[in-house]
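Protein chains in written order, with the numbering used here: chain Z, 1 to 427; chain W, 1001 to 1157.
If you want it as structure tokens, here you go:
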């Protein structure tokens, strides 16, 4: 039997071995220990608003159906017929009363119950339908974010999100008083390990370097707003691998600072909205359109990133799919939601002015990490002045790698059930 | 006299040639001032403004896209991918003396960082007669793989 890699030999509090981006055995361990034993984000509430609405997606490598049943309960079910394992649904999204396997016609209800088996008499009474539903995962929801897990024993989603919850609530203020809804997505792959992307969402350091050409394409006021490295922002470890990177402190709470001047780039939009909304509401909508001033990284696969959801899906040790899901105001003014769509298109996606440059940098990390052996990836930026908040959260400056250290600390816990001896609360 | 297939094809062949040879500033002059360059995600959408697209460029965004390709400050476009595109299967859907709508197939090969990729697309053009001659008023590139996971496209389709 082949020896599994020992994750403890690959990671220290301030560095990691380059092989963590490419070792296939380590990847298989991650798919089991991380993606089958933690809460994995699968959907936003607005994607399945009504009974019968469903989407298909993945929990790690496992294809699943996320579906709202007649009672309004959300189910996350393995997309696998209990007979001969065929997927029962290949549509990305839709509305249905049942899922019928195309191979032999086994039919399942919205909650996964096996309802119909053609020519059941062929089993001569040896088929107990009640024992063969679509396999349901455990499902919990927080503020519209739907998570699932294979593990019946891990603590509740509520305690898993823990100190990240107030930041989720702040992020959802982009609804400007309306519920947040998804508005389509950009989906792309890059030839590299998923953790490279996990790191990037908590990496402010790269922004002015990688995104020079994006910054060239926006007005001076926006450039000034995005000139946050060296500014008053911070990165904070929220526990359980989650972290927040506050780049623009003035845009943490979008319901505050409503007296702040409306940015020039939104002047025309504000003038249009003023015909239908009072001044205070216009300012709230405009602030929502601009997006939040922080990235909330939720271990392992979701980020609430400024103005969109970033979802990662590992495809192999050296290939990752990323989705950038646009969000908007459910019931809010069309012109404001359209403004958000144009902002999303400007930066995100395979033809955006930001994403392709990010993808190029990640691609290079992957290729460069194959050079040599036993050479470290550094994770020590901002460590020298890292400190603790009164509530125990570690924090450092905006360009610190505190968020990456938080994620890797949780990675090690998940992979080994043990933390670093010197780490932990109060250390 | 209605815009002929020959005149329409001459314009879009010129566009393809300019894009494959990096003449991006010349490319800008082929469009009307309120023309749009669109790469949708949803294969069936017509109201591009109301939905998320890969690209929905007015004149200002087209200029920014060109500056990004020429500016040398984008790591995914320094230098831009090299491309060769073939257009064929032309069909004039409607034509008058003022405007015409033409649909064709495009097969584009891309080379960057030693990797060759290809993209097939249905492309619809709305062309318009102006004082400055025949111009592109709308170009809609419907990628065959638009609903799939793409890779970075740091050039103009």
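Glycine included, each C-beta is placed from N, C-alpha and C at the ideal position.
Quick caveat: nothing in here was measured; it's all calculated off a predicted structure.
Query, Result
"Residue 1081 (chain W) versus residue 305 (chain Z) - alpha carbon distance", "29 angstroms"
"Residue 135 (chain Z) - DSSP class collapsed to helix/strand/coil", "coil"
"9 angstroms Cβ cutoff, residue 1031 (chain W) in contact with chain Z", "no"
"C-beta contact flag for residue 399 (chain Z) and residue 205 (chain Z) at 9 angstroms", "yes"
"N-terminal and C-terminal residue of the alpha helix (DSSP H) that residue 117 (chain Z) is part of", "No alpha helix (DSSP H) contains residue 117 (chain Z), which DSSP labels as neither H nor E."
"Inter-residue CB distance, residue 1127 (chain W) and residue 1157 (chain W) (contact presumed, cutoff 8 angstroms)", "At roughly 18 angstroms, the Cβ-Cβ gap does not stay under 8 angstroms, so residue 1127 (chain W) and residue 1157 (chain W) are not in contact."
"Contact set between residue 306 (chain Z) and chain W, taken where Cβ atoms lie within less than 8 angstroms", "Those do not exist, as residue 306 (chain Z) stays about 16 angstroms from chain W at its closest Cβ, beyond 8 angstroms."
"Opening and closing residue of the alpha helix (DSSP H) in which residue 337 (chain Z) lies", "334-347"
"Chain Z contact for residue 1010 (chain W) (CB, 9 angstroms cutoff)", "no"
"Extent of the continuous alpha helix (DSSP H) to which residue 290 (chain Z) belongs", "279-290"
"Cutoff 9 angstroms: residue 338 (chain Z) Cβ touching any chain W Cβ", "yes"
"Short Cβ contact (9 angstroms threshold) for residue 1139 (chain W) with residue 1015 (chain W)", "yes"
"Helix, strand or coil at residue 1006 (chain W) according to DSSP, with G and I counted as helix", "helix"
"Backbone secondary structure at residue 329 (chain Z) - three-state DSSP", "strand"
"Any chain W beta carbon closer than 9 angstroms to residue 188 (chain Z)", "yes"
"Neighbourhood of residue 1115 (chain W) by C-beta distance below 8 angstroms, restricted to the same chain and skipping five residues each side", "none"
"First and last residue of the uninterrupted alpha helix (DSSP H) at residue 159 (chain Z)", "157-161"
"Closer than 9 angstroms to chain Z by CB, residue 1150 (chain W)", "yes"
"Interface flag, residue 353 (chain Z) vs chain W, CB-CB below 9 angstroms", "yes"
"Same chain, Cβ closer than 6 angstroms to residue 37 (chain Z), neighbours up to 5 away in sequence not counted", "151"
"Short CB-CB distance (under 9 angstroms) between residue 1042 (chain W) and chain Z", "yes"
"Where residue 1060 (chain W) sits in the DSSP three-state scheme", "helix"
"7 angstroms Cβ cut-off: residues of chain Z touching residue 1074 (chain W)", "213, 357"
"Rounded separation between residue 35 (chain Z) and residue 244 (chain Z) - CA only", "21 angstroms"
"Closer than 9 angstroms to chain W by CB, residue 92 (chain Z)", "yes"
"Outcome for residue 1131 (chain W) when other beta-carbon atoms lying within 10 angstroms are tallied against a minimum of 16", "exposed"
"Chain Z contact for residue 1106 (chain W) (CB, 9 angstroms cutoff)", "no"
"Whole-angstrom distance between residue 347 (chain Z) and residue 361 (chain Z), CA atom to CA atom", "15 angstroms"
"CB of residue 349 (chain Z) within 9 angstroms of CB of residue 1054 (chain W), strictly", "yes"
"In chain order, each alpha helix (DSSP H) run of at least 4 residues that lies wholly inside the stretch 162-226 of chain Z", "165-171, 194-200, 207-210, 212-216, 220-225"
"Members of the stretch 251-264 of chain Z near chain W, C-beta cut-off 8 angstroms", "none"
"Residue-level contact to chain Z via CB, residue 1059 (chain W), 9 angstroms cutoff", "no"
"Below-9 angstroms beta-carbon distance, residue 1140 (chain W) vs any chain Z residue", "no"
"9 angstroms Cβ cut-off: residues of chain Z touching residue 1068 (chain W)", "213, 214, 216, 217, 353"
"Amino acids of chain W, ordered along the chain, whose beta-carbon sits closer than 8 angstroms to that of residue 334 (chain Z)", "1050"
"Closer than 8 angstroms at the beta carbon, the chain Z residues around residue 1071 (chain W)", "213, 216"
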